[in-house]
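Working notes, structure below.
Residue numbers (the working numbering), protein chains in the order written: chain A, 14 to 186; chain B, 14 to 186.
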């Protein structure tokens, strides 16, 4: 059993989702929440809330691997900068714990969860709830974090079957 | 005497500059270097190099305060994202050590170092060398890091004279 931490970074709210995956690729929900960063006084304090929050989750749930959405192109420079800062802080927190980090593009996540690279965000969130057998509606950022974790779980299971590492599995697709 | 760490974040090279400032605002050069991040295998490893490098410098030189350039608007979404990630990682590294972080806009830095908010980058680098009495030409990222450290030193000295904190000193300008 491998525990995967999925992160959907954002400067106001960073989604966190944790799942377990077995060798066959079967996924089980463990935990999810949005880390709400808006309470901080200034931007550096917000990054601290993010790093402290993620570090606490890593210590409590002890994930083996981390998955995070890869951003190819953001809408505008201002939102790209804010998103980048949150992403840099989140990645720092987990690499400092020596956790391996895999990055997946939005189209890869949609393909893994819905089966179509062009799926709507709402479809992804709906499918995440179904796949993890959750009864209540997911908060959007937490759902995205679970989605990237599920993507990594599937890629990982495929890689295990093929006897290659996860990155090679994707490049063969 | 207060020790200030200035950081000029970048995803390929992050400039670091350390100076001491006395109550009168006199600055003395302590150390500078560009942390070169290009050797890392992938982006998460690059962020790790940045956090590990900054943490080592903080442990060795024990700065009291940190200054970093504030970015209002980057050129394009792609560079904004990369810059943001480096900035988020750098800020994480220092806030986790409970160091106070002050942010200064490029125009504030040019005003503090050259005396004109519209000064050229080369003029800033030249003035940094003169102010710190350095004999050799500075690497560009390290020079920018020293420039933001000098800015904070001056703002801090002004604030001490006025009996206010540094942020208030700037808003009175």
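Glycine is no exception: its CB is placed at the ideal position from the N, C-alpha and C atoms. This one's a predicted model, so the numbers in the text were calculated from it and none came from an experiment.
Give the straight-line distance between the Cα atoms of residue 148/A and residue 19/A, rounded to the nearest whole angstrom.
Start at 1 with the first residue of the first chain, and residue 148/A comes out as number 135. Start at 1 with the first residue of the first chain, and residue 19/A comes out as number 6. About 20 Å.
For residue 32/B: DSSP bridge partner residues
For this step, residue 32/B is matched to residue 19 along the second chain. According to DSSP, residue 32/B bridges with 17/B and 42/B.
Just to confirm, are residue 137/A and residue 80/A a CB contact at a threshold of 8 Å?
Indexing the first chain from 1 puts residue 137/A at position 124. Indexing the first chain from 1 puts residue 80/A at position 67. Taking 8 Å as the Cβ cut-off, residue 137/A and residue 80/A do not qualify as a contacting pair.
Using a Cβ-Cβ cut-off of 8 Å, state whether residue 31/A counts as contacting chain B.
Here residue 31/A refers to the residue found at position 18 when the first chain is read from its first residue. Chain B, which has no Cβ nearer than 8 Å to the Cβ of residue 31/A, makes this no.
Using three-state DSSP, classify residue 67/B as helix, strand or coil.
Position 54 of the second chain, counted from the start, is the residue given in the question as residue 67/B. Residue state, collapsed to three classes: helix.
Is the CB of residue 57/B under 8 Å away from at least one CB in chain A?
In the second chain, the residue the question calls residue 57/B occupies position 44. Closer than 8 Å to some Cβ of chain A, the Cβ of residue 57/B qualifies, so yes.
Give the straight-line distance between the Cα atoms of residue 145/A and residue 172/A, rounded to the nearest whole angstrom.
One-based indexing of the first chain puts residue 145/A at position 132. One-based indexing of the first chain puts residue 172/A at position 159. Approximately 21 Å between the Cα atoms of the pair.
For residue 135/A, count neighbouring Cβ atoms within 10 angstroms of its own Cβ and tell me buried if that reaches 16, exposed if not.
Residue mapping note: residue 135/A aligns to position 122 of the first chain, counting from 1. So residue 135/A ends up on the exposed side.
Identify, in the order they occur along the chain, each residue of the same chain with its Cβ nearer than 7 Å to the Cβ of residue 38/A, setting aside the five sequence neighbours on each side.
The sequence position of residue 38/A within the first chain is 25, counting from 1. Excluding residues within five positions, the ones whose Cβ falls inside 7 Å are 166, 167 and 170.
Any C-beta of chain A under 8 Å from that of residue 20/B
Position 7 of the second chain, counted from the start, is the residue given in the question as residue 20/B. Chain A, which has no Cβ nearer than 8 Å to the Cβ of residue 20/B, makes this no.
Can you name the start and end residues of the beta strand (DSSP E) that residue 116/B belongs to?
Stepping through the second chain from its first residue, residue 116/B is reached at position 103. 114–118 is the span of the beta strand (DSSP E), which, as asked, contains residue 116/B.
For a cutoff of 8 Å on Cβ pairs, would you count residue 158/A as touching chain B?
Along the first chain, one-based indexing puts residue 158/A at 145. Judged by the 8 Å Cβ criterion, residue 158/A is not in contact with chain B.
Based on Cα-Cα distance, which residue from 88/A, 176/A and 107/A lies nearest to residue 72/A?
Along the first chain, read from residue 1 onward, the residue named residue 72/A stands at position 59. Residue 107/A is the option with its Cα nearest to residue 72/A.
For residue 26/A versus residue 48/A, is the C-beta distance shorter than 8 Å?
By one-based count along the first chain, residue 26/A stands at place 13. By one-based count along the first chain, residue 48/A stands at place 35. It is a contact, given that the beta carbons lie within the stated cut-off.
Which full runs of the alpha helix (DSSP H) of 4+ residues lie inside the stretch 77–108 of chain B, going along the chain?
Whole alpha helix (DSSP H) segments, 4+ residues: 90–108.
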